[in-house]
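*Asks:*
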Amino acid sequence: MTIFLQTTLCEGIWHHHGLWQDCTRPRHHSHPVNSEEYKEMQQTTLFCTYKFDHNAREIIDENLLDVNQNSAAGEAEYHQFFGWQKAVLICFIVVFAFNGLALLCGICAPCSNPVAVFFTILIFISLFFSTVANAIFFFAAHRVDSRFVHGLVGTYEQEIGSAFYLSLASTSLLLFSFLLSLVSTYYLIQDANKSHDGLISPVMRELVPLYNSTRHTAI
Numbered sequence: 018m019t020i021f022l023q024t025t026l027c028e029g030i031w032h033h034h035g036l037w038q039d040c041t042r043p044r045h046h047s048h049p050v051n052s053e054e055y056k057e058m059q060q061t062t063l064f065c066t067y068k069f070d071h072n073a074r075e076i077i078d079e080n081l082l083d084v085n086q087n088s089a090a091g092e093a094e095y096h097q098f099f100g101w102q103k104a105v106l107i108c109f110i111v112v113f114a115f116n117g118l119a120l121l122c123g124i125c126a127p128c129s130n131p132v133a134v135f136f137t138i139l140i141f142i143s144l145f146f147s148t149v150a151n152a153i154f155f156f157a158a159h160r161v162d163s164r165f166v167h168g169l170v171g172t173y174e175q176e177i178g179s180a181f182y183l184s185l186a187s188t189s190l191l192l193f194s195f196l197l198s199l200v201s202t203y204y205l206i207q208d209a210n211k212s213h214d215g216l217i218s219p220v221m222r223e224l225v226p227l228y229n230s231t232r233h234t235a236i
């Protein structure tokens, strides 16, 4: 999540609050910037800290203790490592792990029906945890205490970054992959049942001439 906090009339700081990393970028213009000033602002160095950094945690705790006298303390609480952020990270770790397994199983899925079923289950688990992670982040980011920050000049509203929308796009791809794998697995099982009943499936019917030509060539 991103927010711009104005410190003086001509200066301010961009704050980027991530799941495991927080970054700040100074800005020296209060008026709308032109293209040259925007390029200069983009080249400004980002100052980043990890949420699990012990030294950064001590500074945050000191600011929170001085909340009545220090105007930065109100913003400092957003640099803490909240439980919902840990839950989102755990969900994404599960998604990456099961996606890796699904990628390996997908290579052998057309050759074995049990592997195809297992592949579909892995995709569904990845889709489920990806949806849960996006839902947790969305509702936590739209809470009043997370969305609005009290700064030195006034109250500011945080904006959701582009990473959230990229995550939604990846979840949509997982949904498409799950539906496609579900249909493919169904037809693979149907073809297997037809072969056991003595019927040749359309897929196998197309492969028979190729198999016969290969056998005659080998002879």
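Per this note's numbering, the very first residue in the sequence shown carries number 18; after that it's consecutive.
For glycine and all other residues, C-beta sits at the position ideal for the given N, C-alpha and C.
In this text the structure is predicted, and so the values were computed from the model without any measurement.
So is Phe165 buried or exposed if we call it buried at 16+ other beta carbons inside 10 Å?
*Replies:* Phe165 comes out exposed.
*Asks:* Could you work out which residue in Phe141, Ile142, Leu121 is closest to Val132 when comparing CA atoms only?
*Replies:* Nearest C-alpha to Val132: Leu121.
*Asks:* Just the Cα atoms here: how many angstroms apart are Ile142 and His33?
*Replies:* Taking the straight line from one Cα to the other gives about 30 Å.
*Asks:* Apart from the five residues on each side of it in sequence, which residues of its chain come closer than 6 Å, Cβ to Cβ, to Gln38?
*Replies:* Closer than 6 Å at Cβ, skipping near neighbours: Cys65, Tyr67.
*Asks:* Out of Tyr204, Trp101, Val112, Cys40, state which residue places its alpha-carbon closest to the alpha-carbon of His159.
*Replies:* Answer by Cα proximity: Trp101.
*Asks:* Put Gln102 into one of helix, strand or coil per three-state DSSP.
*Replies:* Helix at Gln102.
*Asks:* Taking the alpha carbon of Ile206 as the point to measure from, which residue in Asn130, Leu139, Phe193, Phe154 has its own alpha carbon closest?
*Replies:* Here the closest residue by C-alpha is Asn130.
*Asks:* So what's Gln207 in DSSP terms, helix, strand or just coil?
*Replies:* Reduced to three states, the DSSP call for Gln207 is helix.
*Asks:* Mind reading off the beta-carbon distance from Leu144 to Thr202? Whole number of angstroms is fine, and I expect it under 8 Å.
*Replies:* The Cβ separation is near 15 Å, so there is no contact.
*Asks:* How far does the beta strand (DSSP E) with Phe135 in it reach, from first residue to last?
*Replies:* No beta strand (DSSP E) contains Phe135, which is instead part of the alpha helix (DSSP H) from 130 to 158.
*Asks:* Kindly indicate the opening and closing residues of the beta strand (DSSP E) around Phe64.
*Replies:* Counting along the chain, the beta strand (DSSP E) containing Phe64 begins and ends at 64 to 67.
*Asks:* Closest to Val112 by C-alpha separation, out of Phe156, Pro127, Ile138, would be which residue?
*Replies:* If we check each option's Cα against that of Val112, Ile138 comes out closest.
*Asks:* Work out the CA separation of Phe195 and Val177 for me, nearest whole Å.
*Replies:* The residue you asked about is not Val; residue 177 is Ile in the sequence shown. Cα-Cα distance, rounded: 27 Å.
*Asks:* Going by the CB atoms, is the gap between Leu36 and Leu106 shorter than 7 Å?
*Replies:* Taking 7 Å as the Cβ cut-off, Leu106 and Leu36 qualify as a contacting pair.
*Asks:* Counting C-beta neighbours from all protein chains within 10 Å, is the total for Asn210 16 or more, i.e. buried, or is it exposed?
*Replies:* Classification for Asn210: exposed.
*Asks:* Could you compute how far the alpha carbon of Cys40 sits from the alpha carbon of Ala114?
*Replies:* Distance between the alpha carbons of Cys40 and Ala114: 28 Å.
*Asks:* With a 10 Å radius around its C-beta and 16 neighbouring C-beta atoms as the bar for buried, classify Phe193 as buried or exposed.
*Replies:* By the 10 Å Cβ count, Phe193 comes out exposed.
*Asks:* Exposed or buried, Phe69, counting other C-beta atoms within 10 Å across all chains shown (16 or more means buried)?
*Replies:* The residue in question, Phe69, is exposed, as its Cβ has fewer than 16 Cβ neighbours within 10 Å.
*Asks:* For Cys108 versus Phe146, is the C-beta spacing smaller than 7 Å?
*Replies:* Yes.
*Asks:* Which partner residues of Phe165 appear in the DSSP bridge assignment?
*Replies:* Answer is Glu174, bridged to Phe165.
*Asks:* Are the beta-carbon atoms of Ile140 and Ala119 separated by less than 7 Å?
*Replies:* Yes, these two residues count as a Cβ contact at 7 Å.
*Asks:* Could you pull out every residue in the same chain whose Cβ sits closer than 7 Å to the Cβ of Leu191, ignoring the five residues on either side in sequence?
*Replies:* The residues are Ile140, Ser143, Leu144, Ser147.
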